[in-house]
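Taking it in order: structure first as C-alpha cells, then the write-up.
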Amino acid sequence: MLFRELNRGKCKTYLIGSEQEHIAVLVDPLREKVDRYLALLAYHGLRLDAVIDTHTHADHRSATFDLKELTGAKVIMHRKAPAPRVDLHVEDGDKIPLGELEIKVLHTPGHSPDGICLFIGDRVLTGDTLLIRGTGRCDFAGGDAGEQFDAITQKLFALPDETLVFPAHDYRGNTRSTIGEEKRLNPRVTNRTREQYIELMNNLGLPLPDNIQEVLQPNQSAVDDDRLRFPSLGELNQVRQLGAGQVRLLTEASPGPIIVDVREPEEFTGELGHIQGSILMPLKDLTARAEELSAQKERHIIVVCRAGVRSTTAAAILTGLGYEHVSNLKGGMLDWNQQQLPVERD
Ligand SMILES: [Fe+2]
178 MLFRELNRGK CKTYLIGSEQ EHIAVLVDPL REKVDRYLAL LAYHGLRLDA
228 VIDTHTHADH RSATFDLKEL TGAKVIMHRK APAPRVDLHV EDGDKIPLGE
278 LEIKVLHTPG HSPDGICLFI GDRVLTGDTL LIRGTGRCDF AGGDAGEQFD
328 AITQKLFALP DETLVFPAHD YRGNTRSTIG EEKRLNPRVT NRTREQYIEL
378 MNNLGLPLPD NIQEVLQPNQ SAVDDDRLRF PSLGELNQVR QLGAGQVRLL
428 TEASPGPIIV DVREPEEFTG ELGHIQGSIL MPLKDLTARA EELSAQKERH
478 IIVVCRAGVR STTAAAILTG LGYEHVSNLK GGMLDWNQQQ LPVERD
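In C-alpha cells, the structure reads:
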C-alpha cells in the first residue's frame, strides 16, 4: 500500500494507492492544491480512482468536484452528504475496493451528520471525528456531541489499540497517533462520561471561522459561480424549517404550497424521487429563474433538496428576493423517503 499525507499543513490530505493496480484514492483534497495532486499522481504513475471527503468541510474548499471533472474519478461521500454529483453514497460497514486493498467505512456523525472514518489495514483515517489528543468541534449546523462521543467510544475505540490514527486536521504539528494512545491520553474523551463530554463540547466557546459560509455553501452545493451570492449565517438561521410530516399535510390542502426542488435534474428523477407537482429549479439557476415564481409571490413556497442544506440556502435566497412566505423541507428528500411518504420518479 502506498500511503502519504500530501499537504504538510493543518489540513491533511491522504493518498492511498494500490501498488499492484497503480490506482489511488485521495481523501479530503484541498482545492488550492489540485495541480500538486495531479503532478504527484502522474509522477507515481497512478490513476485516480476515487476522491473521498470524510465530511462536508467548513474550513476549506474541497477539490473533490474539480478532481472528478479533471480526471473522471468518482466522488464518494456518506449518504447524508448534502452535495449533488456524489457518485457513490456509502453507509456504515460499506467496503470500498482499491486494487488488492479494501477501505472500510465507519459512519461517525457528530462533527457533521455525514462524517465517516476510513479503516484500511493497520490504520484509520479519522476525519474531524477524532483528532490527535482532541476531537472535532460539534457546534456547526448538524453537529451533535453525543453522537460524536458514541462514534469515538463505540466505533473507533473498538479498533485494535495499535491501529494508527491519521486525522483530517492537526494544529500542533503531530502526524499520527494510535487508538490505544488516544484511549489513554485524549483529554476530551479519556475518563469522561457521555454527559460530561456533551457538557464540555457545548461550552467550548470557539469562534466560528470567518469565512465559514463562503466555504461551506459551495462545498454543500458544488456550485461555484460568482453570480450566486450565498446567504449569510444570519439569513440561513431565519429560514423556517418544516418537517416532512408537516409538508405532507400542507400539500394535501387546496391550494397547496408551491414546491420548488433545487437539486440537479438527475437527482430529481433518481433514487429518492421528488414530491408530486414540484418544480425543478437547480440551485445554480435559482437567481436567474426565480422570476418564474413572481406571479405567485403571495403563495407559500416550500424549498426541497437532498438533505435540506442546499434548500436552506435557496430559501434564504428567495427570501432575499422578496418572497415573503418561504419554508424549507427539513432533512430534505432523505427524511421524506425515510418516512415513506410518496414520491414520483419521472
Ligand atoms: Fe471539518
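For the sequence shown, our numbering gives the first residue as 178, with consecutive numbering after it.
Beta carbons are placed, not taken as given, at the ideal position from N, Cα and C, and that holds for glycine.
- The closest CA to that of I478, considering only K461, A484, L457, is found on L457.
- A straight-line Cα-Cα distance of about 12 Å links F343 and G311.
- With fewer than 16 other Cβ atoms from the protein chains shown falling within 10 Å of its own Cβ, T352 counts as exposed.
- Cβ neighbours of A235 within its own chain (closer than 7 Å, five residues either side excluded): F317, P386, I389, V392, L393.
- By the C-beta criterion, the region 187 to 201 is judged not to be in contact with the region 359 to 375, since fewer than 3 inter-stretch pairs fall below 8 Å.
- In this structure, A399 places its C-beta atom within 7 Å of the C-beta atom of F242.
- Between G298 and S195, the CB-CB gap reaches or exceeds 7 Å.
- Close CB contacts of V252 within its chain, under the 6 Å cut and outside five residues either way in sequence, are with V228, T241, K245, V263, D264 (chain order).
- The beta carbons of D305 and H288 sit closer together than 7 Å.
- Restricting attention to L225, C188, L192, the CA atom closest to the CA of E209 is found in C188.
- Ligand 1 has a heavy atom closer than 6 Å to the beta-carbon of H234.
- Linking T370 to E412 through their CA atoms gives a straight-line distance of about 36 Å.
- Here the alpha carbon of G313 sits roughly 6 Å from the alpha carbon of L307.
- Assignment of beta strand (DSSP E) within the region 383 to 446, counting only whole runs of 3 or more residues, yields 417 to 419, 435 to 438 in chain order.
- Only buried fits E444, as 16 or more other CB atoms lie within 10 angstroms of its CB.
- Between the alpha carbons of T231 and V282 lies a gap of roughly 10 Å.
- With a cut-off of 6 Å, the C-beta of D305 is classified as near ligand 1, since at least one heavy atom of the ligand falls inside that distance.
- The straight-line gap separating the alpha-carbon atoms of L192 and A421 is approximately 40 Å.
- By the Cβ test, the region 451 to 468 is in contact with the region 425 to 442, since at least three Cβ pairs between them sit closer than 8 Å.
- Residue environment analysis places Q325 among the buried positions, since at least 16 neighbouring C-beta atoms fall within 10 angstroms of its C-beta.
- For S455, the three-state secondary structure derived from DSSP is coil.
- Shown here, F242 sits in a helix according to DSSP, grouped into three states.
- In the DSSP annotation of this structure, the continuous segment of the beta strand (DSSP E) that includes N505 starts and ends at 503 to 506.
- Cβ contact annotation for A322 (same chain, cutoff 7 Å, sequence separation greater than five): G287, C315, Y374, I375, M378, N379, in chain order.
- Non-local C-beta neighbours of D338 in its own chain, meaning closer than 6 Å and more than five positions away in sequence, comprise I356, G357, ordered along the chain.
- The DSSP-derived three-state label of V211 is helix.
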